[in-house]
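*Asks:* As they're listed, the protein sequences go chains A and B. FYI, the numbering for the first sequence is 30 to 78, going by the numbering used here. FYI, the numbering for the second sequence is 89 to 652, going by the numbering used here. We put the CB at the ideal spot given by N, CA and C, even for glycine.
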Amino acid sequence: MADNDNDDVPFMQKLLDNHFLLVVIGVVSPTVLYTLWGIVDIMNTPLAK
Amino acid sequence: MATTYRTCPASGLQFEAHAEKLMKWNAVAAVLWLLVGGITAIGVIMTRWPAFKLLPPDQFYTILTAHGVDMLLCWIIFFEMAVLYFASSVLLRCRLATPKWGWVQFWLMVVGSVMTNVAIFQGESSVMFTSYVPMMAAPHFYLGLILFAVGALIGCFVFLGTLVVAKKDKTYTGSIPMVTFGALTACIIAIFTILTGAGILLPTLAWSLGLIKEIDAQLYRMVWWGLGHSSQQINVSAHVAIWYLIPAVVIGAKPLSEKVSRGAFLMYILFLQLASAHHLLSDPGMSAEWKVLNTSYFMYFAVMASMIHGFTVPGAIEAAQRRKGFTNGLFEWLRKAPWGNPAFAGMFISLVSFGFLGGISGVVLGTEQINMLMHNTFYVPGHFHTTVVTGTTLAFMAVTYLLVPTLFKREMIHPKLCQIQPYLFGIAMSITGLVMMGAGTLGVSRRHWDMAFSGAPFQYEWPGAAMLMMGMTGFFGMVTIVGGALWIYLVVGSLLWGKKLEGGAVSDKPTPIPAATPAASASHHGSDHVGVPGTVVLVMALLVSFVLYYFVNWKYLSEVWLLS
Ligand code: HEM
Ligand SMILES: [Cu+2]
Numbered sequence: 030m031a032d033n034d035n036d037d038v039p040f041m042q043k044l045l046d047n048h049f050l051l052v053v054i055g056v057v058s059p060t061v062l063y064t065l066w067g068i069v070d071i072m073n074t075p076l077a078k
Numbered sequence: 089m090a091t092t093y094r095t096c097p098a099s100g101l102q103f104e105a106h107a108e109k110l111m112k113w114n115a116v117a118a119v120l121w122l123l124v125g126g127i128t129a130i131g132v133i134m135t136r137w138p139a140f141k142l143l144p145p146d147q148f149y150t151i152l153t154a155h156g157v158d159m160l161l162c163w164i165i166f167f168e169m170a171v172l173y174f175a176s177s178v179l180l181r182c183r184l185a186t187p188k189w190g191w192v193q194f195w196l197m198v199v200g201s202v203m204t205n206v207a208i209f210q211g212e213s214s215v216m217f218t219s220y221v222p223m224m225a226a227p228h229f230y231l232g233l234i235l236f237a238v239g240a241l242i243g244c245f246v247f248l249g250t251l252v253v254a255k256k257d258k259t260y261t262g263s264i265p266m267v268t269f270g271a272l273t274a275c276i277i278a279i280f281t282i283l284t285g286a287g288i289l290l291p292t293l294a295w296s297l298g299l300i301k302e303i304d305a306q307l308y309r310m311v312w313w314g315l316g317h318s319s320q321q322i323n324v325s326a327h328v329a330i331w332y333l334i335p336a337v338v339i340g341a342k343p344l345s346e347k348v349s350r351g352a353f354l355m356y357i358l359f360l361q362l363a364s365a366h367h368l369l370s371d372p373g374m375s376a377e378w379k380v381l382n383t384s385y386f387m388y389f390a391v392m393a394s395m396i397h398g399f400t401v402p403g404a405i406e407a408a409q410r411r412k413g414f415t416n417g418l419f420e421w422l423r424k425a426p427w428g429n430p431a432f433a434g435m436f437i438s439l440v441s442f443g444f445l446g447g448i449s450g451v452v453l454g455t456e457q458i459n460m461l462m463h464n465t466f467y468v469p470g471h472f473h474t475t476v477v478t479g480t481t482l483a484f485m486a487v488t489y490l491l492v493p494t495l496f497k498r499e500m501i502h503p504k505l506c507q508i509q510p511y512l513f514g515i516a517m518s519i520t521g522l523v524m525m526g527a528g529t530l531g532v533s534r535r536h537w538d539m540a541f542s543g544a545p546f547q548y549e550w551p552g553a554a555m556l557m558m559g560m561t562g563f564f565g566m567v568t569i570v571g572g573a574l575w576i577y578l579v580v581g582s583l584l585w586g587k588k589l590e591g592g593a594v595s596d597k598p599t600p601i602p603a604a605t606p607a608a609s610a611s612h613h614g615s616d617h618v619g620v621p622g623t624v625v626l627v628m629a630l631l632v633s634f635v636l637y638y639f640v641n642w643k644y645l646s647e648v649w650l651l652s
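1. Determine the contact status of valine 625 (chain B) and leucine 418 (chain B), defining contact as a CB-CB distance below 9 Å.
2. In its own chain, which residues sit with a C-beta less than 6 Å from the C-beta of leucine 110 (chain B), not counting the 5 before and 5 after it?
3. Leucine 251 (chain B) touches chain C at which residues, Cβ-Cβ below 8 Å?
4. Please look up how many angstroms separate the CB atoms of valine 49 (chain B) and tyrosine 511 (chain B), rounded, as I've assumed it's under 8 Å.
5. Pull up the DSSP beta-bridge partners for glutamine 102 (chain B), would you.
6. May I ask you to check if the CB of phenylalanine 442 (chain B) is nearer than 8 Å to at least one heavy atom of ligand 1?
7. Which residues does DSSP list as the beta-bridge partners of lysine 588 (chain B)?
8. Report yes or no: is there a C-beta of chain A within less than 9 Å of the C-beta of phenylalanine 174 (chain B)?
9. Within the continuous alpha helix (DSSP H) that includes tryptophan 137 (chain B), where are the two ends?
10. Hey, could you find the ends of the alpha helix (DSSP H) methionine 224 (chain B) is sitting in?
11. Short of 9 Å Cβ to Cβ, which residues in the stretch 262 to 296 of chain B face chain A?
12. Sort B:Ala207, B:Val252, B:Ile448 by Cα distance to threonine 186 (chain B) and report the nearest one.
13. For arginine 181 (chain B), would you say it is in contact with chain A, using Cβ-to-Cβ distances shorter than 9 Å as the test?
14. Comparing the CB of valine 476 (chain B) with every heavy atom of ligand 1, is any distance shorter than 8 Å?
15. At which residues does the alpha helix (DSSP H) containing glutamate 346 (chain B) begin and terminate?
16. Leaving out five residues on either side along the sequence, give the residues of the same chain with a beta carbon under 6 Å from the beta carbon of alanine 31 (chain A).
17. To the nearest angstrom, report how far apart valine 69 (chain A) and leucine 51 (chain A) are at their CA atoms.
18. Reducing DSSP to helix, strand and coil, say where valine 401 (chain B) ends up.
19. Is tryptophan 312 (chain B) near ligand 2 - that is, is its Cβ less than 8 Å away from at least one heavy atom of it?
20. Using a 10 Å radius around the Cβ and a threshold of 16 neighbouring Cβ atoms, would you call glycine 446 (chain B) buried or exposed?
21. Return yes when at least one heavy atom of ligand 4 lies under 8 Å from the C-beta of histidine 473 (chain B), else no.
22. Is it the case that the stretch 195 to 209 of chain B contacts the stretch 273 to 286 of chain B, given that we only count it when at least three CB pairs across the two stretches are under 8 Å?
23. Alpha carbon to alpha carbon, how far is histidine 471 (chain B) from valine 311 (chain B)? Give it in angstroms, no decimals.
24. Going by C-alpha distance, which of B:Ser176, B:Ile448, B:Gln409, B:Ile396 is nearest valine 640 (chain B)?
25. Using a beta-carbon distance below 9 Å, is aspartate 70 (chain A) in contact with chain B?
26. Can you pull the chain A neighbours of alanine 390 (chain B), defined as C-beta to C-beta under 9 Å?
27. Looking at chain A, is there any beta carbon in it that lies within less than 9 Å of the beta carbon of phenylalanine 472 (chain B)?
28. Give a yes or no on whether 9 Å exceeds the smallest Cβ distance from serine 652 (chain B) to chain A.
29. Using the beta-carbon count (16 or more within 10 Å), is glutamine 343 (chain B) buried or exposed?
30. Have a look at alanine 404 (chain B) and aspartate 616 (chain B) and give me their C-alpha separation to the nearest angstrom.
31. If you check the beta carbons only, do glycine 571 (chain B) and phenylalanine 484 (chain B) fall under 9 Å apart?
32. What number of angstroms, rounded off, separates the C-alpha of aspartate 158 (chain B) from the C-alpha of glycine 55 (chain A)?
33. Methionine 54 (chain B) versus chain A: which residues are under 9 Å apart at the beta carbon?
34. Between tryptophan 378 (chain B) and chain A, is the shortest Cβ-Cβ distance under 9 Å, so that the two count as touching?
35. Compute the Euclidean distance between the alpha carbons of tryptophan 48 (chain B) and glutamine 306 (chain B), then round it to the nearest angstrom.
36. Below 8 Å, is the gap between the Cβ of serine 364 (chain B) and the nearest heavy atom of ligand 2?
This is the structure in C-alpha cells:
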C-alpha cells in the first residue's frame, strides 16, 4: 500500500497489494479466455442445413 | 455521514455503526431465505424419495426452481454481503464507504429476490435456476434476478470503496489481512460473475418481453455458465476466507505462510472462473481446444490452489495447537482440538467434507472423458451439495456462532444443541451427497420427477441398489433438513430470547486493535513456522483417495464400451 512504493517490497507483494489491478486481471482474463473465445467458437459452428 | 464505533468487549472486534446495521440486515435476510429454501427442500426430497413421490410433476418443477434460486442465490449471496462488510469495515477497523449505497444494495436485493420468487410461485416460471432457453419464464423472473445482481454488484463496490477508505485513513499497515484478501478474491470473482450474468439475462428479459425473436441456445448456455459456475467460486473464496477466520479467532492460528496462501488466492483470481467450461463438456457447439484449455490446463491451477488452502488451513490449526503443547504423536493436536465449539467443529467438518467429497467428485466431473459417465445424473447435485452445502453453507453456519454474540450482542440459547448442530447437519448432508452420487453413478437422472418412467412403452429395470440409494437420499436428506431447521431455530431464538450481552464502549473515532484478543489474531500478519507432520498425513490420505477414485472411474468408462 502507501508504504509499499519503495523498492525493497518484493514484486509479488506489490502485485497482491494492488487491489484494483487484481480486479482488472480477474475480470479481463476470463472474459477473453472463456467468454470471447467461446463466442468465436459458437460463431464458427456451421448451421445445420 | 457521522458515525460511531463500538468495540466488542469479548472479541475486541470493532463495529462501525452503518456497517453493523447492514451486516445485521443482510444476515437476517439470508436466514429467512434459507428458511424458504429449506421448506422447498422438503418438497424436493420427498418427491425424489421413490416410496413417497409427494408432489405432482408441475409442482415438483416449481418447487425445485424455488429451491435452487432461494438456496444458491438468495441465502448465499445475502450472507456474502454481510461477509464483505465484515471483512472490510470490521477487520480493517475503518468506516464503511458510502453507507447509503449499502442500503441501495440491500433493498435492490430484497426487491429482486421477492420479485423472482413471486414469478416462480405463480407457476409460470418453472425453468429451474439455470433458465435454459428456449424455456421461457415470466419477465419478472428475469427482472428480479437482474435487480438482485445489480444490488450485489453495488455491495462489491462498497467493499472496494471501504478498502480505499482504510488505506487513506491508514487504519492498517502493510497488506490487508488474509481474511480480507480472501473476501477481495470473492469480490473480484463476483464482479465478473455479475457482469456476465447481465450480459445474458438482459437479452433474455428482452426476449421474454417479445422484443427479441430468439436467443441462441448454445450461446445462452455458454454465457450463463460464466455466471453459474463463477458464482460458486465466490462461495468457495468466501468460505475459504472463513476457514482462515475461525481458527484465528478460536485458537489464535496463523497461516503457515502468508505468501503461499495469498498466492493461492491469486490463482483463484486468475483461473477459477475459466473452469465454467466444465459445464459444457458434453455440448456440441464448443471446440475441443476451448474445452481442454479451460477445463484441464487452467482448471488444474485452480484445483491446486484449493489443495494449498486444504493444506494450509489444517496446517495452521496444527501449528497453533502444537505451540500450545499438544505435541504428542501425529494427531494429539487434532484429538485435543476444540470439538465442543460449534464454530470450530462446523468449520472443520466443512473443510473435510468439501475436500474429500466435493473436491474429489468435482475433479472427476470436470474431466472430459469421465464426465460422460455422470453428466446430468443425480451425481451432479450430489457433488454440489458437498460443496455448496457442507462446504459453504456449513462454514456460514459455523461463523454465525461467533457473530451472534459479537455482532448481535446475544448469547446463543441451548449451548448443548449448538454443539450438536454442526455434526448433525454436516454429517447427514455428507451422507446424502454420497448416496446421491452413488445413485447418479448407476444412472439416475437429476431434475427428474419419475425415474421409473411409469407408462412408458419400454421399461427400464433399475438395479436394486439405485432404488436403495434414492431411499437413503430421502432419509438422510430429511435428517439434514432437521439439522438446518435446528440451526435456524437456534439463531433466530438467540436473536429473540438470548441473554443480552454487553455491547462495549462506543467512540466517535476508530480505535486501535486491543492486543491479545481474537480481533488481533483475525487482523494479524505473519506466518507460523512450525512443522506439521499430522497435516501432511491427512493431505496424503486425500491424494491417495483421489487417485484411487479417479482410476476407478476410468475403469468404469472402459466398461461402458465393452473394451475391457
Ligand atoms: C437442507 C437440506 C437440503 C436437501 C435435503 C436438498 C436436496 C436436494 C435434492 C435432492 C436436489 C436434487 C433434485 C433433482 O435434481 O431432482 C437438490 C437440488 C438443488 N439444491 Fe438442494 N438440498 C438441500 C439444501 C441445499 C442448499 C443449502 C443449497 C445451496 C446453498 C442447495 C442447492 C441446490 C441446488 C442449486 C439444486 C439444483 C436445482 C436444479 O437442478 O435446478 N440445496 N437439493
Ligand atoms: Cu462449475
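*Replies:* Here's the rundown:
1. As a first step, residue 625 (chain B) must be located in the second sequence, where it is residue number 537. As a first step, residue 418 (chain B) must be located in the second sequence, where it is residue number 330. Leucine 418 (chain B) sits close to valine 625 (chain B), with the two beta carbons spaced by under 9 Å.
2. As a position in the second sequence, residue 110 (chain B) is number 22, starting the count at 1. So the list reads Tyr173, Gly190, once near-sequence residues are dropped.
3. Among the chains of the structure shown, chain C does not appear; the protein chains present are A and B.
4. This structure gives no information on residue 49 (chain B), because the portion of chain B shown stretches from 89 to 652.
5. Here residue 102 (chain B) corresponds to residue number 14 of the second sequence, with the count starting at 1. B:Thr95.
6. Stepping through the second sequence from its first residue, residue 442 (chain B) is reached at position 354. Because no heavy atom of ligand 1 lies under 8 Å away, the Cβ of phenylalanine 442 (chain B) does not count as near it: no.
7. Counting from one through the second sequence, the residue named residue 588 (chain B) turns up at place 500. According to the DSSP secondary-structure assignment, lysine 588 (chain B) is paired through a beta bridge with B:Arg498.
8. On the second sequence, position 86 is the one that residue 174 (chain B) refers to. Under the Cβ distance rule, phenylalanine 174 (chain B) does not count among the residues neighbouring chain A, no pair being separated by less than 9 Å.
9. As a working note, residue 137 (chain B) is residue 49 in the second sequence. That residue, tryptophan 137 (chain B), is in no alpha helix (DSSP H); it is neither H nor E in DSSP.
10. Reading the second sequence from its first residue, position 136 is the one you call residue 224 (chain B). Looking at the DSSP string, methionine 224 (chain B) is not in any alpha helix (DSSP H), and its letter there is neither H nor E.
11. Here the close residues are Gly262, Ser263, Ile264, Phe269, Leu272, Thr273, Cys275, Ile276, Ile277, Ile279, Phe280, Leu283, Thr284, Gly287.
12. On the second sequence, residue 186 (chain B) is found 98 positions in, with the first residue counted as 1. With respect to the C-alpha of threonine 186 (chain B), the residue from B:Ala207, B:Val252, B:Ile448 having the closest C-alpha is B:Val252.
13. The residue you call residue 181 (chain B) lines up with position 93 of the second sequence. Not closer than 9 Å to any Cβ of chain A, the Cβ of arginine 181 (chain B) fails to qualify, so no.
14. Position 388 of the second sequence, counting from 1, holds the residue named residue 476 (chain B). Result yes, Cβ under 8 Å from ligand 1.
15. As a position in the second sequence, residue 346 (chain B) is number 258, starting the count at 1. From DSSP, the alpha helix (DSSP H) with glutamate 346 (chain B) extends over 346 to 359.
16. For the purposes of this step, residue 31 (chain A) is taken as residue 2 along the first sequence, with counting starting at 1. With a pLDDT of 44 at alanine 31 (chain A), under the threshold of 50, the predicted position of this residue should be treated as unreliable, and no value is reported.
17. Here residue 69 (chain A) is taken as the residue at index 40 of the first sequence, counted from 1. Here residue 51 (chain A) is taken as the residue at index 22 of the first sequence, counted from 1. Taking the straight line joining both Cα atoms gives about 26 Å.
18. If you number the second sequence from 1, residue 401 (chain B) lands on position 313. DSSP places valine 401 (chain B) in helix when its eight states are reduced to three.
19. To locate residue 312 (chain B), count along the second sequence from 1; it is residue 224. Every heavy atom of ligand 2 is 8 Å or more from the Cβ of tryptophan 312 (chain B), so no.
20. Walking along the second sequence from the start, residue 446 (chain B) turns up at place 358. By the beta-carbon neighbour count (other beta carbons within 10 angstroms, threshold 16), glycine 446 (chain B) is buried.
21. Among the ligands modelled here, namely ligand 1 and ligand 2, ligand 4 does not occur.
22. No, the stretch 273 to 286 of chain B is not in contact with the stretch 195 to 209 of chain B.
23. Locating residue 311 (chain B) in the second sequence gives position 223, where the first residue counts as 1. Locating residue 471 (chain B) in the second sequence gives position 383, where the first residue counts as 1. Roughly 22 Å between the two C-alpha positions.
24. Sequence index remark: in the second sequence, residue 640 (chain B) carries index 552 (1-based). When B:Ser176, B:Ile448, B:Gln409, B:Ile396 are compared, the shortest CA-CA separation from valine 640 (chain B) is found for B:Ile448.
25. To locate residue 70 (chain A), count along the first sequence from 1; it is residue 41. Nearest CB-CB separation between aspartate 70 (chain A) and chain B: below the 9 Å threshold.
26. Looking up residue 390 (chain B) in the second sequence gives position 302. Neighbours of alanine 390 (chain B) across chain A, judged by C-beta separation under 9 Å, do not exist; the nearest C-beta is about 11 Å away.
27. Translated into positions along the second sequence, residue 472 (chain B) becomes position 384. When Cβ-Cβ separations below 9 Å define contact, phenylalanine 472 (chain B) makes no contact with chain A.
28. For the purposes of this step, residue 652 (chain B) is taken as the residue at position 564 of the second sequence. Any reading at serine 652 (chain B) must be qualified, since the residue scores a pLDDT of 48, below 50, and its modelled position is unreliable; no value is offered.
29. On the second sequence, position 255 is the one that residue 343 (chain B) refers to. Strictly speaking, residue 343 (chain B) in this sequence is proline, with glutamine absent from that position. Counting the other CB atoms within 10 Å of its CB gives proline 343 (chain B) a total of 16 or more, which places it among the buried residues.
30. On the second sequence, residue 404 (chain B) is found 316 positions in, with the first residue counted as 1. On the second sequence, residue 616 (chain B) is found 528 positions in, with the first residue counted as 1. Computed Cα separation, rounded: 7 Å.
31. For this step, residue 571 (chain B) is matched to residue 483 along the second sequence. For this step, residue 484 (chain B) is matched to residue 396 along the second sequence. It is not a contact, given that the beta carbons lie outside the stated cut-off.
32. As a first step, residue 158 (chain B) must be located in the second sequence, where it is residue number 70. As a first step, residue 55 (chain A) must be located in the first sequence, where it is residue number 26. Whole-angstrom Cα-Cα distance: 27 Å.
33. Residue 54 (chain B) is absent from the model: chain B starts at 89 and stops at 652.
34. Numbered from its first residue, the second sequence carries residue 378 (chain B) at position 290. Tryptophan 378 (chain B) has a beta carbon lying within less than 9 Å of a beta carbon in chain A.
35. Residue 48 (chain B) lies beyond the stretch modelled for chain B, which goes from 89 to 652, so this question has no answer here.
36. Your numbering for residue 364 (chain B) matches position 276 in the second sequence. It does: the Cβ of serine 364 (chain B) is within 8 Å (strictly closer) of some heavy atom of ligand 2.
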